[in-house]
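This report refers to the structure that appears directly beneath it.
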Amino acid sequence: MFLKRLLVTGLASVLLAGSYLYPAGARLDEWIPADRPYEYPAARTLSSRYVVKEGDSLWKIAVEHRVDVDTLLELNSIRNPDYIRPGQLLTVPGIRLQHLVQEGENLTVIAVMYRVTVADLVRENGLDNPDRLFPGQRLSVPVHAHGGPAVPAAGWKSLLMPTAGHLTSGFGVREDGQPHYGIDIAADHGAPVRAAEAGRVVFAGPAGTFGLLVILDHGDGLTTYYAHCSEITVSYQDRVNAGEIIARVGSTGRSFGPHLHFEVRWNGEPYDPMLYLTGVGYEI
Ligand SMILES: [Zn+2]
Numbered sequence: 001m002f003l004k005r006l007l008v009t010g011l012a013s014v015l016l017a018g019s020y021l022y023p024a025g026a027r028l029d030e031w032i033p034a035d036r037p038y039e040y041p042a043a044r045t046l047s048s049r050y051v052v053k054e055g056d057s058l059w060k061i062a063v064e065h066r067v068d069v070d071t072l073l074e075l076n077s078i079r080n081p082d083y084i085r086p087g088q089l090l091t092v093p094g095i096r097l098q099h100l101v102q103e104g105e106n107l108t109v110i111a112v113m114y115r116v117t118v119a120d121l122v123r124e125n126g127l128d129n130p131d132r133l134f135p136g137q138r139l140s141v142p143v144h145a146h147g148g149p150a151v152p153a154a155g156w157k158s159l160l161m162p163t164a165g166h167l168t169s170g171f172g173v174r175e176d177g178q179p180h181y182g183i184d185i186a187a188d189h190g191a192p193v194r195a196a197e198a199g200r201v202v203f204a205g206p207a208g209t210f211g212l213l214v215i216l217d218h219g220d221g222l223t224t225y226y227a228h229c230s231e232i233t234v235s236y237q238d239r240v241n242a243g244e245i246i247a248r249v250g251s252t253g254r255s256f257g258p259h260l261h262f263e264v265r266w267n268g269e270p271y272d273p274m275l276y277l278t279g280v281g282y283e284i
């Protein structure tokens with residue numbers, strides 16, 4: 001095992017020697033594609049059991065497990081989605097993601113990242129020595145175990161808070177049972193809305209309940225949404241820098257008072273923006 005590790009380290013050094021081809025500070029998964037193709041986490045279907053709790057709705061269970069209600073209805077031969085009872089056993093499709101181990105990572109770090117336990121990872125991957133991981137190693141992560149990944153490792157970027165204000169609604173299922181795919185930040189009407197990260201404008205205009213909406217594409221499948229704006233100051237296809245003003249806070253669309261509805265999506269799937277907003281703020 002030691003020899004194998006040495007070999008991998010040696011190989012990594014050789015690859016690193018060619019890293020002038022890549023931006024400084026590129027992560028391992030950014031330079032690996034040059035040598036071997038990086039596969040985005042592949043979701044494989046597997047089933048798991050879920051016991052219905054008091055206060056659950058099919059909607060809530062569907063959101064928590066990142067499946068749609070129809071899939072749950074079909075898998076469990078349920079005709080009336082309003083009729084589920086506490087204690088009922090449901091079959092839910094779980095997913096496994098593939099994680100490419102980065103330099104310096106250990107099982108604890110990876111477990112926290114996906115909200116699974118170290119034991120889950122050890123069991124899933126048949127690891128005989130959990131202390132021995134090497135960069136480039138592939139791990140299968142059974143994310144269904146605890147209701148979905150915190151953030152997708154491959155699409156994670158540190159984002160800036162898009163506007164100065166206070167959080168009035170978080171990500172997840174609201175009290176009325178409806179899913180909320182973003183966060184709401186209450187701010188003054190006309191306050192600047194800034195790009196959470198450098199990117200390209202892939203949508204700018206009115207969009208139904210979103211009101212005036214800007215969507216930025218940051219590459220690697222990551223997009224951010226800025227909704228209910230009063231004014232948009234960028235155009236379709238514009239390139240913007242992180243922190244650049246792209247719009248003004250408003251209350252257009254389905255909104256009750258000026259606020260920014262902010263979403264983070266990876267490959268179209270919404271993730272909790274709070275898990276991304278670790279970027280350093282900016283002076284207003
Ligand atoms: Zn919202």
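Counting with UniProt numbering, you get residues 1 to 284 for the letters of the sequence shown.
Glycine is no exception: its CB is placed at the ideal position from the N, C-alpha and C atoms.
Computed from a prediction, not measured in an experiment: that's the story for all the values here.
Identified DSSP bridge partners for residue i
i: Pro258; result: Answer is none; Pro258 lacks a bridge partner.
i: His228; result: The partner list for His228 (beta bridge, DSSP) is empty, contrary to what the question assumes.
i: Arg194; result: Ile245
i: Pro270; result: Arg265
i: Gly250; result: His259
i: Leu167; result: Ile185
i: Thr223; result: Asp217, Arg265
i: Val240; result: Gly199
Cutoff 6 Å; reference residue i; Cβ partners in own chain excluding five residues on either side
i: Leu133; result: Val101
i: Asn267; result: Gly221
i: Leu159; result: Ala196, Glu197, Tyr276, Leu277, Gly279
i: Thr168; result: Asp184, Ala186
i: Pro192; result: Ile245
i: Leu127; result: none
i: Tyr236; result: Val201, Ala204
i: Met209; result: First, the residue type needs correcting, since residue 209 is Thr and not Met in the sequence shown. Cβ within range, chain order: Gly253, Arg254.
Distance between residue j and residue i (C-alpha atoms, nearest Å)
i: His180; j: Ala207; result: 17 Å
i: Gly165; j: Asp184; result: 9 Å
i: Gly55; j: Glu124; result: 31 Å
i: Thr224; j: Ile78; result: 35 Å
i: Thr108; j: Val234; result: 42 Å
i: Ala242; j: His189; result: 22 Å
i: Ala145; j: Asp120; result: Only weak support is given to the placement of Ala145: the predicted model assigns it a pLDDT of 37, under 50, and the question is left unresolved by the model.
i: Trp156; j: Pro273; result: 11 Å
i: Arg254; j: Val214; result: 15 Å
i: Phe256; j: Glu105; result: 44 Å
i: Val122; j: Leu90; result: 26 Å
i: Gly205; j: Trp59; result: 30 Å
i: Arg194; j: Asp238; result: 14 Å
i: Ile84; j: Glu74; result: 14 Å
i: Arg265; j: Tyr271; result: 6 Å
i: Asp131; j: Ile110; result: 12 Å
i: Thr163; j: Glu269; result: 22 Å
i: Val116; j: Phe171; result: 20 Å
i: Arg248; j: Gly219; result: 24 Å
i: Met161; j: Glu103; result: 28 Å
i: Pro135; j: Pro86; result: 44 Å
Sequence-distant residues of its chain with Cβ nearer than 7 Å to residue i (five each side left out)
i: Gln88; result: Val52
i: Asp217; result: Gly199, Arg200, Val202, Thr223
i: Ala62; result: Asp68, Val69, Leu72
i: Thr252; result: Gly211, Leu212, His228, Cys229, Ser230
i: Pro81; result: Leu58, Val69, Leu73
i: Val118; result: Leu107, Thr108, Ala111, Pro130
Endpoints, alpha helix (DSSP H) assigned at residue i
i: Ala187; result: Per DSSP, Ala187 belongs to no alpha helix (DSSP H) and is neither H nor E.
i: Ala204; result: Per DSSP, Ala204 belongs to no alpha helix (DSSP H); it is in the beta strand (DSSP E), 199-206.
i: Leu73; result: 69-75
Closer than 7 Å to chain C by CB, residue i
i: Asp184; result: Any reference to chain C falls outside this structure, which holds one protein chain only.
Range of the contiguous beta strand (DSSP E) that encloses residue i
i: Leu58; result: Leu58 -> not in any beta strand (DSSP E); alpha helix (DSSP H) instead, spanning 58-64.
i: Leu213; result: 212-217
i: Ala116; result: Correcting the residue identity first, residue 116 is Val in this sequence and not Ala. Segment: none, Val116 is in no beta strand (DSSP E) and carries neither H nor E.
8 Å Cβ shell around residue i - same chain, five flanking residues per side excluded
i: Gly250; result: His189, Gly190, Gly211, Leu212, His228, Cys229, Ser230, Glu231, Pro258
i: Arg138; result: Gln98, His99, Leu100, Val101
i: Gly182; result: Phe171, Tyr225, Ala227, His261, Phe262, Glu263, Val264, Pro270, Pro273
i: Val240; result: Ala195, Ala198, Gly199, Arg200, Val201, Leu216, Val234, Ile246
Contact test: residue i Cβ vs ligand 3 heavy atom, cutoff 6 Å
i: Glu231; result: This structure simply doesn't include ligand 3; it includes ligand 1 instead.
As a quick check of your reading: which residues have a C-beta less than 6 Å from at least one non-hydrogen atom of ligand 1, in chain order? What you get when you keep residues with a C-beta closer than 6 Å to any heavy atom of ligand 1 is Ser169, His180, Gly182, Asp184, His261.
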